[in-house]
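Protein chains in written order, with the numbering used here: chain A, 8 to 260; chain B, 1498 to 1853.
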C-alpha cells in the first residue's frame, strides 16, 4: 500500500527532499564499500612464490648430454657463469610447446643448448631459442652420465606443469591454474611433482609415467590436486625423477 | 515511459546513478590493482594478467551481489527504490567487467599453446566426474553467456518485442547465473586460498543475497496474507474512510491477481496492480498530476481507464467497483486493458463515517 508520509521517488523528477539524505548516505556507503572491498580482496591474495623467467641472467648457453625421460633434459658438462657443471636442466620450447622433436634425435649425445632460464628454488628449466640456435649437436663423445636409483617412495603433494611452476606464471599451480597446467602437459612440457616433505633435499621432482613413459592420461585428472602416490625415484645430476605408479594415486583433499 | 525507442533516455537521476556507480567500480579496481600490491609482501609480484583477471572477476562478483541485493532491499524498505530505478545500467556495466575478467583469463591461461584458445577452454580440463579439480570454467562461461543475453535484451524494446511475461522469465536467469558464479568461485579460486579474507567476503556476499531474498519473500507472503480476499462475487476491499486521496489500497484477488483501488479527488477507481512495464506494484505508487505513477520506473496511467497518457501506449486492466454503504467492493473479473470505468463518487457522509 502507498503511504502518504513516506517520500515518493520518480526517476525523471527531482529526488524528494525527505530521501536526499538517505540517498547521499547510500552513495557514500556504496562507493566507500567498494573501495574497502577492493582493498580487502586485493590484499588477501596469496604469495605466488618466487619462480620467474631470469631475463636478468641474460641468455645462457651451455653444453651437455641430452637425456629423454621421455621429457627432455640436459646434463650440463660445460656451464656458464650462472649454470654449473653437473646441473640438470629441464628443457621446453616457447609457450606451452615441447622441444621433444628437436631433442629426441640428440638423445645420449652432446649438444649445445641456449635460451632463457626459469627457476624456482632448486627447480630449473631452460626455454630454448628457436631452431638450431636453441639446440645443436656438438662434436665429441658424450661422457657417461650416472643415474642413481633411490628406490620406491610414497609421496604426498601436487602434480604441476614444470614451466608455469618454475616461473612462467605466477601463480603457476593450484586448482585455478589446473586447465592451464593440463594444456602445458598436453604440449609435453615436463611435469613436476611438488612434495610436502623434501625427498633427498628436493621439493620438486620431474614426474613421468612408469618405465620411461610419459605422464599417463589418468594423471591429468589429478593435476593440481593434493594427492599421494608411489613410484620409483632416481637421481639424474641435481634433478630427481619420479616414475609414478598410476594405480597408487589417492586423493588426500 | 517511451513512445519511441532511444538507446538511453537520460535524465539527471540517471546521470547521478551512473556517475556514482562508475566512481565505485573505478575505486574498487584502482585500489585492487594499484594500492593493494604495495601492501602485499610478496617476494615477486603476481603476474599482471592474473592480478587484472582477479580484480575484474572480484569486482564483477561484488557488482552482481549488490545488484541482486537491491531488489529485496527495495521490497523490505521503499527508501531503496531509487537504487532499483536505473539498475539495468548497473547490470550492463557488470557484463563489461565480467567480460574483461574472462578476456584476461582466456588470453593468459589458454594462450601460448598450439591449440585455439576457445577450444582449449573446453578441452584442457575434462575432469567432470570429480568435485576436486572440476572444470569450474564452465560455470563462468554459463554465467557470462547469461549476463550477455540479459544485458543485450535489457532495453525496453526487447520487453515490448518479447512481451513482459517472456522478458521477465528470461531475466529470471540472473538467479541461475548467480548460482553459477558462486559455483565458479567455490570450485576455482576458493580451493586455492590460504588467506581466508576472500572466503569470508565471498560467503558473506552470497549469504546476504540469499537471506535478503528470503526475508523479502517472507515479507511478501505476510503482505499477501494481509490483503488476500475470499472468493465472492464482489470482493470487499476496505472501508472508504481508510482511504487517502491520491493513494491506493491493494487486494489479492482469488485468481491470484492484485487490484489497486485508488481514491482520486473524491472518486474511486480500480486498476491492475501490475505495471505494464515490469510488473511494478502500481498500488504502491501514488497519483501525480492526476495519473497513477509506478514506484519502480515512473510509468503513468489514467486511473479510470488504465491507459498511459498520449502519446504513450501502455495499458493495464481496470476493474468495476461499487460502494456498499461505506464498504469499497471490487468485481474480481478484470476488464480488458485500457477499458474506461466510470469512477464511483464517494459521498461526503460515507467518507466521514470512519469506524473507530
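Don't be surprised by glycine CBs; every beta carbon is placed ideally from N, CA and C.
Could you list which residues in chain A have their beta carbon closer than 9 Å to that of residue 1689 of chain B, in chain order?
Here residue 1689 of chain B refers to the residue found at position 192 of the second chain. Chain A residues near residue 1689 of chain B: 53, 178, 180, 181, 182, 183, 184, 231.
I'd like to know if residue 1573 of chain B contacts chain A, where contact means its C-beta is closer than 8 Å to some C-beta of that chain.
Stepping through the second chain from its first residue, residue 1573 of chain B is reached at position 76. The C-beta of residue 1573 of chain B comes no closer than 8 Å to any C-beta of chain A.
What runs of the beta strand (DSSP E), each 3 residues or longer, lie entirely inside the stretch 21 to 82 of chain A?
The stretch 21 to 82 of chain A contains these whole beta strand (DSSP E) runs: 67 to 75.
Take residue 79 of chain A and list the residues in its own chain whose beta-carbon comes closer than 7 Å to its own, dropping the five residues that flank it on each side.
The residue you call residue 79 of chain A lines up with position 72 of the first chain. Answer for residue 79 of chain A: 73, 98, 106, 107, 110, listed in chain order.
Ordered along the chain, which non-local residues of its own chain (more than five positions away) have a Cβ less than 6 Å from that of residue 1636 of chain B?
Sequence index remark: in the second chain, residue 1636 of chain B carries index 139 (1-based). Once the five neighbours on either side are set aside, the close Cβ partners of residue 1636 of chain B are 1677, 1680, 1681.
Within the 8 Å Cβ cut-off, does residue 16 of chain A reach chain B?
In the first chain, counting from the first residue as 1, residue 16 of chain A sits at position 9. Yes, its Cβ sits closer than 8 Å to a Cβ of chain B.
Return no unless some Cβ of chain B is closer than 8 Å to the Cβ of residue 19 of chain A.
The sequence position of residue 19 of chain A within the first chain is 12, counting from 1. So, interface residue.
Just to confirm my understanding: we take residue 258 of chain A, look at its own chain, exclude 5 residues before and 5 after, and list those with CB closer than 8 Å. What are they?
As a first step, residue 258 of chain A must be located in the first chain, where it is residue number 251. Cβ within range, chain order: 229, 232, 233, 234.
Looking at residue 212 of chain A: is its Cβ nearer than 8 Å to the Cβ of residue 95 of chain A?
Counted from its first residue, the first chain places residue 212 of chain A at position 205. Counted from its first residue, the first chain places residue 95 of chain A at position 88. No.
Would you kindly work out how many angstroms separate the C-alpha atoms of residue 12 of chain A and residue 1591 of chain B, rounded to a whole number?
In the first chain, the residue the question calls residue 12 of chain A occupies position 5. In the second chain, the residue the question calls residue 1591 of chain B occupies position 94. Approximately 35 Å between the Cα atoms of the pair.
If distances are taken between C-alpha atoms only, which option among B:1733, B:1585, B:1528 comes closest to residue 1828 of chain B?
Taking the first residue of the second chain as position 1, residue 1828 of chain B is located at position 331. Measuring from the Cα of residue 1828 of chain B, the nearest candidate turns out to be B:1733.
Determine the extent of the alpha helix (DSSP H) in which residue 1646 of chain B is found, giving its start and end residues.
If you number the second chain from 1, residue 1646 of chain B lands on position 149. Per DSSP, residue 1646 of chain B belongs to the alpha helix (DSSP H) from 1634 to 1649.
Nearest-angstrom Cα distance between residue 1622 of chain B and residue 124 of chain A?
Counting from one through the second chain, the residue named residue 1622 of chain B turns up at place 125. Counting from one through the first chain, the residue named residue 124 of chain A turns up at place 117. Residue 1622 of chain B and residue 124 of chain A: Cα-Cα distance of roughly 28 Å.
Assess contact between the stretch 1729 to 1748 of chain B and the stretch 1756 to 1768 of chain B, defined as three or more Cβ pairs (one per stretch) separated by less than 8 Å. Is contact present?
Of all C-beta pairs linking the stretch 1729 to 1748 of chain B to the stretch 1756 to 1768 of chain B, three or more are shorter than 8 Å, placing the two stretches in contact.
List, in order along the chain, the chain C residues whose C-beta lies closer than 7 Å to that of residue 1555 of chain B?
Reference to chain C is not applicable here, since the protein chains of this structure are A and B.
Residues of chain A with CB closer than 7 Å to the CB of residue 1609 of chain B, please, in chain order.
Within the second chain, numbered from 1, the residue matching residue 1609 of chain B stands at position 112. Within 7 Å Cβ-Cβ: 102, 103.
Closest to residue 1655 of chain B by CA distance: which of B:1814, B:1809, B:1503 is it?
Position 158 of the second chain, counted from the start, is the residue given in the question as residue 1655 of chain B. Of the candidates B:1814, B:1809, B:1503, the one whose C-alpha sits nearest the C-alpha of residue 1655 of chain B is B:1503.
Going by the beta-carbon positions, is the gap between residue 1823 of chain B and residue 1738 of chain B smaller than 8 Å?
In the second chain, the residue the question calls residue 1823 of chain B occupies position 326. In the second chain, the residue the question calls residue 1738 of chain B occupies position 241. Yes, they are a contact pair.
With distances taken between CB atoms, is the gap from residue 220 of chain A to residue 210 of chain A smaller than 8 Å?
Residue numbering aside, residue 220 of chain A sits at position 213 when the first chain is read from its first letter. Residue numbering aside, residue 210 of chain A sits at position 203 when the first chain is read from its first letter. No.
Helix, strand or coil for residue 1507 of chain B? Go by DSSP, reduced to three states.
Translated into the one-based positions of the second chain, residue 1507 of chain B becomes position 10. The answer is coil: DSSP assigns residue 1507 of chain B none of H, G, I, E or B.
Does any residue of chain B bring its CB to less than 8 Å from the CB of residue 108 of chain A?
Taking the first chain and counting its residues from 1, the one referred to as residue 108 of chain A is at position 101. Not one chain B Cβ lies under 8 Å of residue 108 of chain A.
Does residue 1805 of chain B pass the burial test, meaning 16 or more other C-beta atoms within 10 Å, or should it be called exposed?
Taking the first residue of the second chain as 1, we reach residue 1805 of chain B at position 308. Flag for residue 1805 of chain B reads buried.
DSSP state of residue 1785 of chain B, grouped into three classes?
On the second chain, position 288 is the one that residue 1785 of chain B refers to. Correct three-state label for residue 1785 of chain B: strand.
Return the chain-ordered list of same chain residues with a C-beta closer than 6 Å to the C-beta of residue 134 of chain A, the five sequence neighbours on each side being excluded.
Here the question's residue 134 of chain A lines up with position 127 in the first chain. Cβ neighbours of residue 134 of chain A beyond the five flanking positions: 99, 122, 123.
Put residue 110 of chain A into one of helix, strand or coil per three-state DSSP.
If you number the first chain from 1, residue 110 of chain A lands on position 103. Correct three-state label for residue 110 of chain A: helix.
Exposed or buried, which one is residue 52 of chain A when buried takes at least 16 other CB atoms within 10 Å?
If you number the first chain from 1, residue 52 of chain A lands on position 45. Counting Cβ neighbours within 10 Å, residue 52 of chain A comes out buried, since at least 16 surround it.
If contacts are defined as beta-carbon pairs under 8 Å, then residue 188 of chain A and residue 1689 of chain B qualify, I think. What distance do you get, rounded to the angstrom?
Residue numbering aside, residue 188 of chain A sits at position 181 when the first chain is read from its first letter. Residue numbering aside, residue 1689 of chain B sits at position 192 when the second chain is read from its first letter. Contact flag wrong, Cβ pair sits at about 12 Å.
Could you tell me the distance, in whole angstroms, from the CA atom of residue 1780 of chain B to the CA atom of residue 178 of chain A?
Stepping through the second chain from its first residue, residue 1780 of chain B is reached at position 283. Stepping through the first chain from its first residue, residue 178 of chain A is reached at position 171. Their Cα atoms are separated by approximately 55 Å.
Quick one: complete beta strand (DSSP E) runs, 3+ long, within the stretch 1763 to 1821 of chain B?
1764 to 1769, 1783 to 1785, 1788 to 1790, 1797 to 1799, 1818 to 1821
With a threshold of 7 Å, establish whether the CB of residue 1697 of chain B neighbours any heavy atom of the ligand GDP.
Inclusion of the ligand GDP in the displayed structure is not the case, the ligand content being empty and no account of it being possible.
I want to see whether chain B comes within less than 8 Å of residue 57 of chain A, judged by CB atoms only; does it?
Numbered from its first residue, the first chain carries residue 57 of chain A at position 50. Taking a beta-carbon distance threshold of 8 Å, residue 57 of chain A counts as an interface residue toward chain B.
Which residues, taken in chain order from the stretch 1595 to 1606 of chain B, show a beta carbon closer than 7 Å to some beta carbon of chain A?
Per Cβ criterion, the list reads 1606.
So, for residue 1718 of chain B: in the same chain, excluding its five sequence neighbours on each side, which residues have a beta-carbon less than 6 Å away from its beta-carbon?
Taking the first residue of the second chain as position 1, residue 1718 of chain B is located at position 221. Counting only residues of its own chain and dropping the five nearest sequence neighbours on each side, residue 1718 of chain B has no CB closer than 6 Å to any other CB.
Should the stretch 1762 to 1775 of chain B be regarded as contacting the stretch 1808 to 1819 of chain B, the criterion being three or more beta carbon pairs within less than 8 Å?
Yes, they touch.
Can residue 174 of chain A and residue 127 of chain A be called in contact, C-beta distance under 8 Å?
Within the first chain, numbered from 1, the residue matching residue 174 of chain A stands at position 167. Within the first chain, numbered from 1, the residue matching residue 127 of chain A stands at position 120. Against a cut-off of 8 Å, the Cβ pair of residue 127 of chain A and residue 174 of chain A comes out as a contact.
If you run the structure through DSSP and keep just helix, strand and coil, what is residue 15 of chain A?
Taking the first chain and counting its residues from 1, the one referred to as residue 15 of chain A is at position 8. The answer is coil: DSSP assigns residue 15 of chain A none of H, G, I, E or B.
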